[in-house]
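Residue numbers (numbering that gives the first Met the number 0): 0 to 68. In this text, a Cβ means the ideal position worked out from N, Cα and C, and glycines have one as well. As the structure is a prediction and not an experimental result, all values here were calculated from the model. Below is one structure; the comments refer to it alone.
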Amino acid sequence: MRYALRGSVSGELLTFQGRVLVHDNRGELEWLFPGERVVPYDGALPTLPVAEHPDMAPVRWPLRKEDFR
0 MRYALRGSVS GELLTFQGRV LVHDNRGELE WLFPGERVVP YDGALPTLPV AEHPDMAPVR
60 WPLRKEDFR
């Protein structure tokens with residue numbers, strides 16, 4: 000199962016360069032983006048794993064909470 004973020008204002012799935020941002024771990028997505036709405040995603044639109052987003056380059060994967068102090 001993959002999960003995506005839904006914009007709190009727009010109600011649309013969050014995308015980067017036309018691809019839906021997805022992650023396979025709901026808990027990690029909720030932890031990385033507290034307060035944001037995480038929804039299951041099984042759509043046909045192109046996707047981009049959150050780990051491959053340029054802003055996530057400094058993040059070590061798989062996530063280790065001790066890296067975030």
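Ends of the beta strand (DSSP E) at residue i?
i	result
Arg-1	1 to 5
Arg-68	First-last for Arg-68: undefined, no H or E at that position.
Leu-47	46 to 48
Note down the Cα distance separating residue i from residue j, rounded to an integer number of angstroms.
i	j	result
Arg-36	Asp-66	24 angstroms
Pro-39	Glu-29	12 angstroms
His-22	Ala-3	7 angstroms
Arg-68	Asn-24	21 angstroms
Val-19	Glu-11	10 angstroms
Leu-47	Ala-56	14 angstroms
Ala-43	Arg-5	16 angstroms
Asp-41	Val-58	25 angstroms
Using alpha carbons as the reference points, say which of the options lies closest to residue i.
i	options	result
Trp-60	Glu-27, Ala-43 and Arg-68	Glu-27
Val-8	Arg-1, Gly-17, Gly-34 and Leu-62	Gly-34
Which of the three DSSP states, helix, strand or coil, is assigned to residue i?
i	result
Pro-53	helix
Leu-31	helix
Arg-63	coil
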